[in-house]
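Using this note's numbering, read the first sequence as starting at 341 and increasing by one per residue. For glycine and all other residues, C-beta sits at the position ideal for the given N, C-alpha and C. Since this is a predicted model, take the numbers as computed values, not measurements. Worksheet for the structure shown next.
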Amino acid sequence: MTLWSQFFIPTLKESPADAEIASHKLLVRAGLVRKLSGGLYTYLPLGLRVMQKLTEICRQEINAGGGIELWMPHVHPVENWEQGPRWAAAREIMFRADSAGDGQRAPREPQFVLGPTHEEIITPLVKTEITSYRDLPKNFYQIATKFRNEIRPRYGLMRAREFVMMDAYSFDTNDEGAVKSYFAMKTAYERFFRRIGTLAIAVEADTGVMGGSYSHEFMVPAEVGDDDIIYCEESGYAANREKATSRLVPDGLADAAPAGEITEFATPGVVTIAALEAAPYGVPADQQFKTLVYIGDGKPFLVILRGCDELEEAKLGQLGFGLFRPATAEEIVAVMGAKPGSLGAVRGTLANPGALAGVFADAAIRLIGNGTTGANKDGFHVRNVNVARDLAISRFGDFRRVRAGEPCPRSGQPLKSRRGIEVGHIFKLGTKYSEKFGAVYTDDQKQSHPMVMGCYGIGISRTLQAVIEQSHDADGIVWPWSVAPFQVLICVFDPQLAEASDLAKRLAAAAERAGADVLIDDRTERPGVKFKDADLIGIPLRVTIGGKGLKEGIVEVKARRAKDVSKVPLADAETHLASTIAALAAGT
RNA sequence: CGGGGUGUAGCUUAGCCUGGUAGAGCGCCUGGUUUGGGACCAGGAGGUCGUAGGUUCGAAUCCUAUCGCCCCGACCA
């Protein structure tokens, strides 16, 4: 049992000025963390206890899912990253660490970086240690600090520069095994989030800079989340908006027949979709072809969308470019011969088709059939443009951003959308890293093959905050039993009375025998202060020992979640406490 | 990195527009009265007003630069 007066729980009456969202305010007010600098936090004793509980539950479930725990360095030789497949993209977020004394010399490439994740470390390790199919599959993990120089740290622990993550890496002999490892981890994640009493739903996700073939994100639904989840209750479909699709284009849609000859018409000063919709032109946005210019690995390419649709930039990842970005106005003029607003992809109007790395069309433009687009000549557009006949399309794909209300790809019912916090992610990586690092094994036919990998992450510190975001009220945090820093709080109003403090110790011992972590509020504070602090730090079960109750021969027992207080006769207090603890522990 | 905001005591802040030498609440220390939902009284400590320049007789206040922090965008667990 821990005595509050001997512990350290610096609670605040007022919210810190730099906190915006409820969970961030409560993290600070309840004395869980303190900020050192943007995205850098000290975990105070109470916050650390929650981290330790989350870590232990995570460890148990990953172990149960086949994970083998190890510990890797946080300082990485830069060579590992240079050798890996994503140095160009990843270096932006990495902290550099130079050798001692190098600060005085001329700037140059760093010799070390602080690890943002560990594919580049684990894969070379496995390469040297595992060479036979007999030693596979393996799934290694650690629960450790990660460093990412986030451009914009946000919302306390939600997006921090230094944070705690469980990261796991699976190695299999073939695709089938990798899928098995993947789903074993998915199951472990589901068990983890259930055990910590937090709703996190698995959604289909974009693979981003990690690469790989497919992935799921675990999302805690919350208004303050950074991600949009597109979902359908009917079919159970759920995806990150970056990845989500809809059945907007019916299967087997026939190409529209040409409606007439292409006709150029003057549109002086018209450079937006909206301007072309307006009088005197009156072309609805869903009848316009929008042409965007991007630069992929140095070469320009075009993306064609309906005028009413928006590009979902993450979906360009499927095109296979290492790096891509929107073209600048100057680059657009150079390649297209016209300024943005008058662009199109009609054959014959393209100034320099050979310079393009491709013309990628969103499938939804087939719904237009015949429409209007820019003439690649400032101040002119063309109408009667037929998708099949006239556009220089090299490939169709899904590039548009899905909106709520569109038909679900599975059920056809309207899709819904909500915000979520990404607390976990699982990737099926394939052989991207194993090939790069030469992590190969020999099979029973003496043949050599690259290992098939998966990688998996749970943001432990972010989860800590997501739990609070999901479980709080106007008075403070409402901890789920399994992750509460303490599970029972014994509030003693007159700690100087031997009768009261002896009773507190006796009940605390009983609660501990029942398996609970106990905090005794033995401070010489007024009752109001103690009640407010109790609600703020959110301990699931509160036992109050006060003069009023002692006269009646009772103690008061109240669950943080509940409104009502039960008065328990002293004689029954220990058994009542034990059974209540058992019920709460089973409930989570 | 682009856009917007902000920096005054440990915390929350007033004062800034219209320059005249910094005020409150909480917290802290001392004493007293209180004691079931953030008590009250009396006394006290604590601030180079983010930093550096400039304007001025005089700068928290006006100007310039710079740094930190917060919010919106691109990125992520």
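ask   = Does the Cβ-Cβ distance between aspartate 937 and leucine 769 come in under 9 Å?
value = This structure leaves residue 937 out entirely; the chain is present only between 341 and 928.
message = Assuming proline 417 is part of the beta strand (DSSP E), what are its boundary residues?
response = 415-417
request  = Using only alpha-carbon positions, find the residue among Thr689, Pro666, Glu516, Thr631 that is nearest to glycine 681.
outcome  = Thr631
key: Per-residue DSSP class, three states only, for histidine 721   = strand
query = Can the beta-carbon of alanine 562 be found closer than 9 Å to that of isoleucine 800?
reply = no
query = Looking at the structure shown, is lysine 903 part of a helix, part of a strand, or coil, going by DSSP?
reply = coil
query = Does DSSP put threonine 803 in a helix, a strand or coil?
reply = helix
ask   = Around the Cβ of proline 477, are there at least 16 other Cβ atoms within 10 angstroms (buried) or fewer (exposed)?
value = buried
query = alanine 446 to glycine 424, Cα distance in whole Å?
reply = With a pLDDT of only 47 at alanine 446, under the threshold of 50, the placement of this residue in the model should not be trusted; the figure read from the coordinates follows. Those two C-alpha atoms are separated by around 26 Å.
query = Near glutamine 444, which residues of its chain fall below 8 Å by C-beta distance, leaving aside the five closest residues on each side in sequence?
reply = Low per-residue confidence applies at glutamine 444: pLDDT is 49, beneath 50, and the placement is therefore not dependable, though the value from the model is reported in the following sentence. None.
key: Residue nearest to valine 418 in terms of C-alpha spacing, selected from Cys398, Gly406, His458   = His458
request  = Please list, in chain order, all residues of the same chain as lysine 845 whose beta carbon is under 8 Å from its beta carbon, the five residues on each side excluded.
outcome  = Met341, Ile860
inquiry  = Can you find the residues in the same chain that come closer than 8 Å, C-beta to C-beta, to alanine 732, ignoring five residues on each side of it along the sequence?
reply    = Ala685, Val686, Arg687, Leu690, Pro693, Val699
task = Please check the pair valine 543 and glutamate 530, which I expect to be a contact at CB under 8 Å, by giving their CB distance rounded to whole angstroms.
result = Incorrect: roughly 13 Å between the Cβ atoms, too far for contact.
query = If you follow the beta strand (DSSP E) that lysine 630 is part of, which residue opens it and which one closes it?
reply = 629-636
key: Start and end residues, beta strand (DSSP E) containing alanine 545   = 541-545
query = Helix, strand or coil: which one does DSSP assign to phenylalanine 480?
reply = strand
key: Under the three-state DSSP convention, the category tyrosine 554 falls into   = strand
message = Among the candidates Glu809, Ile921, Gln658, Lys679, whose CA atom is the shortest distance from the CA of aspartate 702?
response = Gln658
query = alanine 508 by DSSP, collapsed to three states: which one?
reply = strand
ask   = Leaving out the 5 sequence neighbours to the left and right, which residues in its chain are closer than 6 Å to glutamate 653 when beta-carbon positions are compared?
value = none
query = How would you call alanine 461, buried or exposed, if buried means at least 16 neighbouring beta carbons within 10 angstroms?
reply = The sequence as given places isoleucine at residue 461; alanine does not occur at that position. Isoleucine 461 comes out buried.
Assumed close pair arginine 802, valine 763 - CB separation to whole angstroms, cut-off 8 Å = 6 Å
message = One question on the structure: do leucine 696 and phenylalanine 739 come within less than 9 Å of each other, judged by their Cβ atoms?
response = no
request  = In the DSSP assignment, find the beta strand (DSSP E) that holds glycine 714 and state where it starts and stops.
outcome  = 710-714
Where proline 790 falls: helix, strand or coil (DSSP) = strand
ask   = Going straight from the alpha carbon of valine 589 to that of threonine 712, what length do you get?
value = 19 Å
query = Rounded C-beta distance between valine 453 and arginine 436? I'm assuming under 8 Å.
reply = 6 Å
ask   = Sorted by chain position, which residues of the same chain lie with C-beta nearer than 6 Å to phenylalanine 503's C-beta, five sequence neighbours on each side aside?
value = Lys486, Ser801
query = Who are methionine 559's beta bridge partners in DSSP?
reply = Ile541, Glu762
7 Å Cβ shell around isoleucine 467 - same chain, five flanking residues per side excluded = The amino acid at residue 467 is misidentified as isoleucine; the sequence shows lysine. Phe777, Gly778, Ala779.
ask   = By the 10 Å Cβ neighbour count, where 16 or more other Cβ atoms means buried, how is proline 608 classified, buried or exposed?
value = exposed
ask   = Out of Gln805, Gln627, Lys717, which has the shortest C-alpha to C-alpha gap to valine 611?
value = Lys717
ask   = For glutamine 444, which of helix, strand or coil comes out of DSSP?
value = Here glutamine 444 scores only 49 on pLDDT, less than 50, and its place in the model is too uncertain to base an answer on.
Own chain, CB closer than 6 Å to glycine 406, minus 5 neighbours either side, in chain order = Asn479, Ala524
key: Proximity to alanine 840 [Cα-Cα], best of Gly886, Phe605, Val908, Ala925   = Gly886
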